[in-house]
Structures are given as structure tokens and as C-alpha cells.
Amino acid sequence: MNEHATATVSWSPVTTRRGEVVRWSQTIIPTLREAPAEATTPSHQLLLRAGYIRQVASGVYDYLPLAWRSLRKIEQIIREEMNAAGGSEMLMPAMVPMELFAETGRADDYGNDLFQFTDRHGRATALGPTHEEVITDFLRHAVTSYRQLPLTLYQIQSKFRDEPRPRAGLLRGREFIMKDAYSFHLAVEGAGGLDETYDRMYQAYCNVFGRCGLDFTVVEAESGPIGGSASHEFMVNCPTGEDTIFRCPESGYAANIEKCEIGEREWSFDATATGADSGTDSGAGVTPAMLPLTKVHTPNMPGIEGVAEYLGVTAVGMLKTLVFQPAPGADSGETEWVLAAVRGDHDVNEGKIRDAIGFKVVLADEKLAKSAGFAIGYVSPRAADTVPNCLLVIDPDAAQGDRVWATGSDEPDHHVTGFNWQRDMAQSLSECEQNGAFVSYVKVADIRNAQFGDPSPRAAGATLVIQRGLETGHIFKLGSKYSEAMGFVVMDADQKRQPVIMGCYGIGVSRTMAACVEMSHDESGMIWPAAIAPFHVEIVLMKPNDAEHAALAEQLAEELAKAGLDVLLDDRKERPGVKFKDADLIGMPLRLTIGQKALDAGGVEFKARSDEGKGEVVPVAAITEHCLATLAQP
RNA sequence: CAGGGUGUAGCUCAGCUUGGUAGAGCACCUGCUUUGGGAGCAGGAUGUCGCAGGUUCGAAUCCUGUCACCCUGACCA
Numbered sequence: 007m008n009e010h011a012t013a014t015v016s017w018s019p020v021t022t023r024r025g026e027v028v029r030w031s032q033t034i035i036p037t038l039r040e041a042p043a044e045a046t047t048p049s050h051q052l053l054l055r056a057g058y059i060r061q062v063a064s065g066v067y068d069y070l071p072l073a074w075r076s077l078r079k080i081e082q083i084i085r086e087e088m089n090a091a092g093g094s095e096m097l098m099p100a101m102v103p104m105e106l107f108a109e110t111g112r113a114d115d116y117g118n119d120l121f122q123f124t125d126r127h128g129r130a131t132a133l134g135p136t137h138e139e140v141i142t143d144f145l146r147h148a149v150t151s152y153r154q155l156p157l158t159l160y161q162i163q164s165k166f167r168d169e170p171r172p173r174a175g176l177l178r179g180r181e182f183i184m185k186d187a188y189s190f191h192l193a194v195e196g197a198g199g200l201d202e203t204y205d206r207m208y209q210a211y212c213n214v215f216g217r218c219g220l221d222f223t224v225v226e227a228e229s230g231p232i233g234g235s236a237s238h239e240f241m242v243n244c245p246t247g248e249d250t251i252f253r254c255p256e257s258g259y260a261a262n263i264e265k266c267e268i269g270e271r272e273w274s275f276d277a278t279a280t281g282a283d284s285g286t287d288s289g290a291g292v293t294p295a296m297l298p299l300t301k302v303h304t305p306n307m308p309g310i311e312g313v314a315e316y317l318g319v320t321a322v323g324m325l326k327t328l329v330f331q332p333a334p335g336a337d338s339g340e341t342e343w344v345l346a347a348v349r350g351d352h353d354v355n356e357g358k359i360r361d362a363i364g365f366k367v368v369l370a371d372e373k374l375a376k377s378a379g380f381a382i383g384y385v386s387p388r389a390a391d392t393v394p395n396c397l398l399v400i401d402p403d404a405a406q407g408d409r410v411w412a413t414g415s416d417e418p419d420h421h422v423t424g425f426n427w428q429r430d431m432a433q434s435l436s437e438c439e440q441n442g443a444f445v446s447y448v449k450v451a452d453i454r455n456a457q458f459g460d461p462s463p464r465a466a467g468a469t470l471v472i473q474r475g476l477e478t479g480h481i482f483k484l485g486s487k488y489s490e491a492m493g494f495v496v497m498d499a500d501q502k503r504q505p506v507i508m509g510c511y512g513i514g515v516s517r518t519m520a521a522c523v524e525m526s527h528d529e530s531g532m533i534w535p536a537a538i539a540p541f542h543v544e545i546v547l548m549k550p551n552d553a554e555h556a557a558l559a560e561q562l563a564e565e566l567a568k569a570g571l572d573v574l575l576d577d578r579k580e581r582p583g584v585k586f587k588d589a590d591l592i593g594m595p596l597r598l599t600i601g602q603k604a605l606d607a608g609g610v611e612f613k614a615r616s617d618e619g620k621g622e623v624v625p626v627a628a629i630t631e632h633c634l635a636t637l638a639q640p
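In the working numbering, the protein residues as written are 7 to 640.
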């Protein structure tokens, strides 16, 4: 077993990382010629085929040796950047008593997404999906003075969420590896404040994903159920990504679909106005001439597409009106109902409604809405005139008065054509047009999801473009949501008790690995960036039985390891074709082939995975230098 | 949770309509040959046909139930 000698490391107080040498015959890399039928996304298929992961249950996977090496490298990069940003690593338990989630109300928010069980004593316990409560519980006992702040703590750990539908392998699992960091401050602004750490984390995240060799975009995001005031998502760019992101090519503004603002759009309820068309409106299906309001029988057609076809118009020529209610606990004053009117081809954005009217809304309960007088499925903006305590919010693209619209008739199974804002709702709208502000019960505001080609909110004349991405990182400004709920207060310099201000920062570690495969592969297999590849170099030994060849392979591996590179030595007694196919599949950045051909030519064959062709012969003495130089290239 | 699909050898799948006691390719084991892009020949091993009930002389096949997994949606890091 002397060949193991290359794996021994001489300990030194000064660490110059020595690479590792692993022989294929002594580990397990179970490659598959064909992808198992259950895998449909590229990263899932390749991770399975290349012997990185195996499924244990839906959304639950073994990380095999190759995957684990890559994951550890990603983790190490994260550690270095978190530490550099002032974070301290710790480890919290995966098991969390339900009492902690009850304190913040997240037991209900998470609901069935929380894995729960009861221990033998009947204590309700959850597997942690994230650890705000646990860390807040720890710190409310350990930190009592503002002098101990600011503080940033993080951990890298398996998280558990009982996803309604796990899918795409590691991209959406029920158990996954995540780095979660939490920061604590006395204030939002100023030295030691949340903003300072948030900005530092933002930079650290850019460093992490940059060092991992990923092509990514940072987008503004809604903070979601976790709560808080500001948020950015880090998205790995790839065409198969499940998230849609919008970007303004002029200003660099980028946001996800929930958050993306839309630039100024002209609107007017005036029937005689000219040029009211905004640049976003193709004008298809609209009729400038005034037509009479006509009721049309449209039985069993609550859907926009069906009705539009039946009425002989397009969705662009229709008004879609949805009925919302103030969310439970929302401070809505007198308002009981919120009507949102958008163009038929647009989607209402609840977050934007909230921002426009000042309180959160949820889609109305159908039974309640019907008993209040709404003909659900056939509602028009005019319902705001008849139902009391009803607020009407209109998207600018729908607030066009120089044309007629098809819309609901406010009675079941009927729509109307020829609806015109000014003629048919003049009274309600008269004041609204003055300034667009909250006059009486009508308001015009951006309340829809952005679309390709919408005006940019940050650069006049520019339009938004669409990209696909995979979310691998997310940072939030939490504020005092958790500290207030859990009584984490600290004495400030004025001897007043202040709830602590928090931020939280997550990276999906296992998802980052999958996203990398998703982003970087070809028809033959994976193509790893050097920084997170399981090994830097794979040595393909063509004739493992030839003592001279084998000795050269060992010598090269040793040299490369000394230079700090990790080496996988394919010493299997397999045919060349099998080894080459496998090498392409598992995707190490560099491949060295030791065979008679190249030896006769005075060297070994060198090939970068990302290059086409069969590679070049490099003299043995120059190999290490050549590898290091190639890996150093961006 | 709604809709759809699939469970047969390690993997990909055929067989099911029309019931008669299980197959192919690849992988695996042995031997020989071969050795630069998933080899050839010869031989060999491999299954509670997801599970449970029912119908039948007889069930992979028909019926009922159930479980698992995948896809689309809702939801979501």
C-alpha cells in the first residue's frame, strides 16, 4: 500500500495548501451511460450520470465523493469571505423546539413546510428551515449591552423544508445545505449599523460567487415571508433558470418579477386626449372611436382568453378587474375591498398594490366577495361605484380614456364591450385625474408585473430585457421583527432599552453547486470552474499495466499536488474510450493523458475541458507550470 | 392540494390491449482476443413484475385499494 504515501501531509504551522491525489480505483464514481428517467433538468441528469449524487427519497440526496469535494470547496470560499466580512462561524442544531417558532408566529407562516415530529416526551420539535429564532434566542440571553454590537454570526448546515413539490434534483430539495448568517445592530444607519454590514455582505456575496467562477446578476427583491425592508437576490445566469429577472441595459437596474418597477407610463381618462398611448402599448385590439356600451351574454367564461376570443378582441383590449381584501391584521381604515384593474394581458402584483395603497391585501374570499355584490369572474371597475368601502386601483396601461374596452358587466355570465372610462365612470374619476393621488376612492398606480419591453424605471427611453436565473443567494434587512417578537433588547448609551436591528444573509450551498452545473456544461458533461471543481486535474492513464507509464503518472500527480493542485488519477483497467467519456462527463478543468503516442512525442497530452479537440503534447518537465498557468486564466 | 404520467434485472426499456408462470440492450462475473473516444468472441449469474386484496384452473397482464417516484400548476431558497 505504499502508493498511499503521496496522501500523507507533513504538518506545518504555516499552511501552504498541498493538493490531494485520489485514485479512481480507490474511490467510487458511479457514472451512468444513460440518465435515469426521473431526471429532466440538465444539472439533475449530469449530477446523477457523473456519479455526484444519488437520490435517497424525493428531494433527499446522497452527496457522493465528487460532490462532497466540490461542496467543501464552495463552503471554504464562503467561510473565507464571511470571516473577512467580520463574521464568526458557529453551529446551531438542526432540531428546533416548536416553542421558538411559536414566539414569532412562524409556526403558522411556515405551516406544512416545516418538518415536525414529537419526541418520546411529547415535545413538538421541528427540523430547522432557517435559524432566526434560534440565534435570537441565544443572543437575547448573551447580549445585553449595545457595546457588544455589531455582531455577525453564521453557520453552514443542512436545512429542512417539506417542499410541496421537490424538483430538479439539488435545485429544490427538502434537505439542502445552506450558509445562513445573521447580523445584529443597535441602529440601521451610521457606524456599526445594519446598512454598513448589509453593504459589506453584499460585497462578500459578490466575492463568493465571483470566486466560484459563476456568472451572476444581483437583483432587487421582495423580502418575502421572512419579513424585512430591503433585499437583494444573487442569481446565477443561465437560460434554464426557473426565475425571471428584468434588467435595464442602460442603468444596470435589475430586479425579480415580484419587485421590478416599471418606468413612467402616460395615462389619461380623457376621451379626447391624443398621444395617450405609452410606448409599451402595441395598440392591438383597441378602438379609438367611441362605441356604445353593449352587454354580451358570455356563459361560463370567466377567463380572459376565452372571453376575448368570443368577443372578437384580444386580451390587450380587455380590462381585468380582481377583487382583493385587506390582509388579516392590515390597517386599512374604512376600506373593506380593493379592486385592481389591469389590462387583460397583464398580471396583477399584490406587493405593488400594497405599496400603492399602504396596506397589504389578499385575493378576496370568493363567497364573501359574492355576497358583497361582486360577480366574481365578471367584475368591472364600475363595481367600485356600487359596493361601499371599495377602493379602485388602476394600472396606467388600463387607465386609457381615449378608447373603449371590453370588460365584465358585474353580473354573472355577461361581459360588456364599448366601456369607456370617462363616459361610464366620469363621476368617480373626475378628481382622480387631477393628480393621480388618493382622491375619493380611485387611484392610478403601477400594480402589475413587469413584462419584456416595459419602460425602464431608471433610464428614460430604455426598455427592460428579460433574463433567466437561479437564485443562489439572498440578503435581507430584517429590522426588528424577530427581536421585538422575542424580546431581544439591549441597553443603549442613553440607558434606554432598544430592540436589536437584524439582517440575515443566506447562500444555498448545494444549490450553488447544481446551478454551476446548470450554467456550465456541454453535451458531453460538466465543465467545472477551477475554484470549485472536485479536482483541478484528471490524469488519464492509458496503460495502467505499463510500469513505466504508471510510474510517470504517480510522479506527475505528486508534482501537481506539491504545487497545490488536487489530482484525480484514473488508474482503472478500462478501455481508453470509457475513460475519455467519463473524464468529459465528470468535467475536471484539466486533463492529462499518459499514453504511448504522447510519450513518443516527448511528453504527455494536455487538454482543458473547455477546449475543443484532443489537446496538445507538453513536455513532462513543463506540465506543472502549464497546468498552473492555464488554471490562473480567468 | 389539483391535473397528468410511471413503477418489470444495477440502468434504459419491451411484454399488459387479447391471462398460460418473464425478455432485450447496456452494466456485472469467468476465459481468450483487443487497447487513443462507451470493443469482439465464448460462457455465466441476475427478478418476491412497487405492495395488499380480489376475479380465475391459472395474473406482470383484468378489477379494487394502497404506496413510491416524476411532470404541469399552486407554492418556494
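Where is the CB? At the ideal position from N, CA and C, for every residue including glycine.
Endpoints, the beta strand (DSSP E) within which residue i is located
i: Val543; result: Val543 to Leu547
i: Ser164; result: Leu157 to Phe166
i: Val368; result: Val367 to Leu369
i: Val6; result: No answer is possible for residue 6: the residues shown for the chain start at 7 and end at 640.
i: His303; result: Thr300 to His303
i: Ala614; result: Gly609 to Ala614
i: Glu226; result: Phe222 to Glu226
i: Gly237; result: Per the sequence presented here, residue 237 reads as Ser, with Gly not at that position. Counting along the chain, the beta strand (DSSP E) containing Ser237 begins and ends at Ala236 to Asn243.
i: Glu618; result: Looking at the DSSP string, Glu618 is not in any beta strand (DSSP E), and its letter there is neither H nor E.
Unbroken alpha helix (DSSP H) run spanning residue i, endpoints
i: Lys358; result: Glu356 to Ile363
i: Ala489; result: The sequence given here places Ser at residue 489; Ala does not occur at that position. Lys487 to Met492 is the extent of the alpha helix (DSSP H) around Ser489.
i: Tyr511; result: Unbroken run through Tyr511 is the beta strand (DSSP E), Ile507 to Gly514; no alpha helix (DSSP H).
i: Lys603; result: Gln602 to Asp606
i: Leu558; result: Ala553 to Lys568
Under the three-state DSSP convention, the category residue i falls into
i: Phe586; result: helix
i: Ser679; result: Lying outside 7 to 640, the shown extent of the chain, residue 679 is not represented and no answer is given.
i: Glu439; result: With a pLDDT of 48 at Glu439, under the threshold of 50, the modelled position of that residue is not reliable, and no figure is offered here.
i: Trp343; result: strand
i: Val322; result: helix
i: Asn262; result: strand
i: Thr630; result: helix
i: Asp201; result: helix
i: Arg578; result: coil
i: His147; result: helix
i: Ser31; result: helix
i: Phe458; result: coil
i: Glu181; result: strand
i: Thr136; result: coil
i: Phe275; result: coil
i: Gln122; result: strand
i: Thr594; result: Residue 594 is actually Met in this sequence, not Thr. Of the three classes helix, strand and coil, the one that applies to Met594 here is coil, per DSSP.
i: Glu524; result: helix
i: Glu175; result: Residue identity differs from the one stated: residue 175 is Gly in this sequence, not Glu. Residue state, collapsed to three classes: helix.
Local Cβ density within 10 Å of residue i, reported as buried at 16 or more and exposed below that
i: Gly335; result: exposed
i: Ile472; result: exposed
i: Glu181; result: buried
i: Glu40; result: exposed
i: Ile80; result: buried
i: Met101; result: exposed
i: Val624; result: buried
i: Phe612; result: buried
i: Ser94; result: exposed
i: Met96; result: exposed
**Q.** Meets three-Cβ-pair contact criterion under 8 Å: the stretch 131 to 139 and the stretch 156 to 170
**A.** Flag = yes, the stretch 131 to 139 and the stretch 156 to 170 touch.
*Where in the stretch 39 to 120 do unbroken runs of the alpha helix (DSSP H), each at least 4 residues long, occur, reported from the N-terminal end onward?*
Runs of the alpha helix (DSSP H) inside the stretch 39 to 120: 48 to 55, 71 to 90, 104 to 110 and 112 to 116.
### Query
Unbroken beta strand (DSSP E) runs of length 3 or more, entirely within the stretch 368 to 441: which are they?
The qualifying runs are 396 to 400, 411 to 414 and 420 to 425.
Taking one C-beta from the stretch 487 to 495 and one from the stretch 212 to 227 each time, how about it: are there three or more such pairs within less than 8 Å? Look at the beta carbons and you see the stretch 487 to 495 not touching the stretch 212 to 227: under three pairs across the two are nearer than 8 Å.
Exercise. At a cut of 8 Å, does the stretch 369 to 381 reach the stretch 319 to 334 through at least three beta carbon pairs?
Worked result: Note that the stretch 369 to 381 touches the stretch 319 to 334; at least 3 beta-carbon pairs, one per stretch, sit closer than 8 Å.
* Would you be able to state if there are at least three C-beta pairs under 8 Å between the stretch 497 to 511 and the stretch 529 to 538? => Result no; under three Cβ-Cβ pairs closer than 8 Å.
- Message: Pairs of beta-carbons, one from the stretch 237 to 245 and one from the stretch 219 to 226, closer than 8 Å: are there three or more?
- Response: Yes, they touch.
- Does the stretch 447 to 459 come within contact of the stretch 413 to 430, defined as at least 3 CB pairs closer than 8 Å? Contact fails: fewer than three Cβ-Cβ distances are below 8 Å.
Exercise for review: Please confirm if the stretch 338 to 354 is in contact with the stretch 384 to 391, defined as three or more CB-CB distances below 8 Å between the two stretches.
Suggested key: A contact is defined here as three or more CB-CB pairs under 8 Å, and the stretch 338 to 354 meets this definition with respect to the stretch 384 to 391.
Mind the definition here: the stretch 116 to 132 touches the stretch 255 to 271 only if three or more C-beta pairs lie below 8 Å; say whether that holds.
-> The stretch 116 to 132 is not in contact with the stretch 255 to 271.
Is it true that the stretch 24 to 34 meets the stretch 569 to 577, where meeting means three or more beta-carbon pairs spaced less than 8 Å apart? Flag = yes, the stretch 24 to 34 and the stretch 569 to 577 touch.
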